[in-house]
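Below: the structure, in structure tokens.
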Amino acid sequence: MTKAKPHCAWVVALVACIPVPATAFGQTTATERAAAAEILEQIADLQERLDPLDRAQRIVRQGNRNRVRVMDRAESEWDEGLQDLSDWIAANPEVGWDEHMAVDTLTKVLRSRGWEVTTGVAGLETAFVASWDSPAGQGEVTLGLIGEYDALRDIDGPFHGDQHNAQTPIAMAAAFALQEHLASAGVAGGLRLYGTPAEEVGPPAKTIMHQAGVFSEADILIRSHSSVATARARAGFGVCCLNINEVKYTFLGRPSHQLTSWNGRNALEAAVMFYTAVDRLRSTFRPEASIQGVIPEGGVAPNVVPARAVVDYYIRYPDEVYLEHMNRMIDDAARGAAMATGTRVEIDRYGEYRDGITLGTLEELYFAYAQALDAPGIEPELQRPAGYEETGWVTRDIPGVGVSVYSSRGSYHTKGMAEDASSEVGHAGFRTDARIMAAILFDFLTNRDLRDAVAEEHSTLKGLLGEYHERLRETYAQEISRIPVGGS
Ligand SMILES: [Zn+2]
């Protein structure tokens with residue numbers, strides 16, 4: 057059994073992550089695999105044509121003094137300050153949406169190195185964009201790096217059990233190395249470092265930032281993540297866990313004293329009826345469906361008819377086409393409950409996680425560097441494609457890669473992983489992440505052939521993802537059709 061490649065729809069670990077069986081392909085069910093059969097062949101043809109493994113090995117073998125200098129610089133940046141910063145964030149953990157000290161500290165360092173920083177982007181207080189353009193101009197290529205900094209929640213306080221403390225310092229080590237290269241060589245190029253909050257809890261910050269156009273300048277995005285193995289993913293599309301819709305249903309009634317309850321309209325009863333109706337739907341959905349809900353608001357006092365009640369659901373399925381069908385039926389159940397109780401319902405789909413696109417050209421390049429640098433914990437087997445960030449959405453529009461060198465002996469979201477974050481096993485992994493990220497960004501900046509291959513692979517896979525969804529819609533057509541209303 058292979059390990060799922062890390063990236064954090066471990067997000068989702070607290071809120072949303074249900075691991076699905078780790079198959080090498082992105083598809084989970086027999087229906088999905090049948091719908092994807094021809095598309096998987098086309099992906100295999102694309103890989104054969106682009107030959108990412110051979111290309112990556114050729115690139116890594118090429119001696120390039122500038123690249124060696126950039127990689128060494130990333131390492132010295134890590135060793136001479138950024139590792140301490142990573143340890144400091146580990147010692148001062150803050151949970152998602154509350155990462156103020158981390159953001160203040162990180163942005164202070166970025167500003168001190170001549171970066172222009174905008175905080176509160178996309179309306180998110182702890183999101184930021186740091187920009188630096190070469191004195192020779194932004195040029196044709198803008199390199200993007202993603203950083204995170206949120207900690208996990210535990211009963212005795214927050215802790216960095218997923219090692220997000222290291223992510224932004226690692227990105228900074230790579231970014232500062234490229235900055236130094238661009239400035240000293242007089243080469244054009246832009247650098248963007250994106251501070252992304254709350255990876256572990258919804259709503260999905262990266263989707264919100266993407267929809268607000270925050271990442272639009274980047275030609276490539278790169279991120280690191282803690283890992284229990286140094287592994288790379290197979291090209292294609294998939295998601296670490298499941299496609300997810302986060303949906304809030306707010307029932308609105310009319311308050312009244314319970315002794316004259318006939319004057320009111322009971323929103324809690326609507327919510328309970330809805331919650332029960334969703335349970336009645338479970339046997340109507342395919343067995344891979346997963347639905348969990350809570351009723352976070354259900355009234356204020358027993359002697360007042362509740363005028364407001366909220367039901368919050370995470371609705372999940374391995375593919376987004378069937379997920380939409382489930383979501384539609386659940387929305388209908390909410391409307392039905394509202395109608396039955398004389399209340400009304402407001403439906404707010406506040407979060408979505410979707411299949412991401414994984415590029416062989418960049419995965420193999422990362423892995424070739426990891427092998428060349430003797431990274432620990434090398435796992436030669438290709439992992440399931442999952443996209444390089446947990447929401448999937450960003451990966452559909454911007455090519456990118458996640459670099460995840462072995463950094464912990466424990467498993468994800470544990471105190472052991474938190475301890476490793478500030479010990480040699482973590483430090484060594486993070487240092488190697490920084491070197492590899494610097495090398496990949498250097499190659500992307502300087503190697504047009506690589507950029508063209510990445511662009512071709514990305515646009516082809518994006519097209520194939522659309523075709524896959526079309527096939528799924530055809531496959532499910534009969535099964536998910538509505539019974540005609542008013543028929544005989
Ligand atoms: Zn994570």
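Count along the sequence shown from 1, then add 56; that gives the number in our numbering.
From the three backbone atoms N, C-alpha and C, an ideal C-beta is built for every residue, glycine too.
In this text, all values refer to a predicted model and were calculated from it rather than measured experimentally.
Would the beta-carbon of residue i be found less than 7 Å away from any heavy atom of ligand 1?
i    : result
D218 : yes
R514 : The residue asked about is misnamed: residue 514 is His in this sequence, not Arg. Every heavy atom of ligand 1 is 7 Å or more from the Cβ of H514, so no.
E255 : yes
H381 : no
H281 : yes
Helix, strand or coil: which one does DSSP assign to residue i?
i    : result
D388 : helix
I95  : helix
N322 : coil
Q439 : strand
R529 : helix
F500 : helix
R279 : strand
N301 : strand
E408 : strand
I454 : coil
P225 : helix
E150 : coil
E255 : coil
G179 : helix
D218 : coil
Y422 : helix
Looking at C-alpha atoms only, which residue of the options is the closest neighbour of residue i?
i    : options                   : result
I347 : D335, G354, A357 and G355 : D335
D101 : T516, L298 and G522       : T516
A389 : G407, A363, E419 and Y331 : Y331
I278 : I300, E256, L201 and R248 : L201
A289 : R117, H313, P108 and T198 : P108
W449 : F341, V481, R410 and E420 : R410
L249 : I276, F341 and H237       : I276
R364 : P352, Y373 and E104       : P352
P314 : E526, V356 and T286       : Residue identity differs from the one stated: residue 314 is Gln in this sequence, not Pro. Nearest of E526, V356 and T286 to Q314, Cα basis: V356.
V243 : V401, V116, G193 and H216 : G193
V457 : H216, F232, N122 and L199 : L199
V159 : R465, T340 and T224       : T224
E94  : E302, H281, E523 and E512 : E523
G485 : S317, L208 and I226       : I226
D430 : E475, R169 and V461       : V461
Might you give, ordered along the chain, the residues of its own chain that have their beta carbon closer than 7 Å to the beta carbon of residue i, omitting 5 neighbours on each side?
i    : result
A178 : I264, M265, A268 and V270
A509 : L106, R111 and T417
T451 : G412, I413, G443, Y444 and E445
K304 : V366, D368, D404 and Y406
W171 : A186, S187 and W188
A230 : A130, L201, A490, M493, A494 and L497
N322 : G309, V361, P362 and T397
Q98  : L520
T87  : T531
R167 : V173
R391 : V401
What's the C-alpha gap between residue i and residue j?
i    : j    : result
A65  : I403 : Residue confidence is low: A65 scores 43 on pLDDT, short of 50, so the model does not pin down where it sits. Its coordinate-derived value is still stated next. Whole-angstrom Cα-Cα distance: 24 Å.
Y532 : A91  : 10 Å
I211 : D218 : 16 Å
F293 : V165 : 36 Å
T85  : D375 : 9 Å
L141 : N383 : 43 Å
L238 : Q83  : 42 Å
M395 : Y370 : 23 Å
A147 : L162 : 15 Å
I454 : E204 : 18 Å
G320 : T399 : 10 Å
L379 : E535 : 13 Å
P436 : I386 : 42 Å
F215 : R487 : 21 Å
A511 : E196 : 14 Å
A233 : D128 : 8 Å
Going by beta carbon distance, what residues of the same chain come within less than 6 Å of residue i, once the five residues before and after it are set aside?
i    : result
V541 : none
H525 : V377
G246 : D189, Q194 and T198
R372 : L298, I300 and S346
S478 : D143 and A146
Keeping to the same chain, check which residues put their C-beta closer than 8 Å to that of residue i; ignore five residues upstream and five downstream.
i    : result
I115 : L421, A424, D499, N503 and L506
E150 : H156, M157, A158, Y205, D206, A207 and P214
Just to confirm, does residue i get its C-beta within under 7 Å of one of the non-hydrogen atoms of ligand 3?
i    : result
P432 : The model on display carries ligand 1 but not ligand 3.
Any beta carbon of chain B sitting closer than 8 Å to that of residue i?
i    : result
R440 : Of the protein chains in the structure, only one exists, and it is not chain B.
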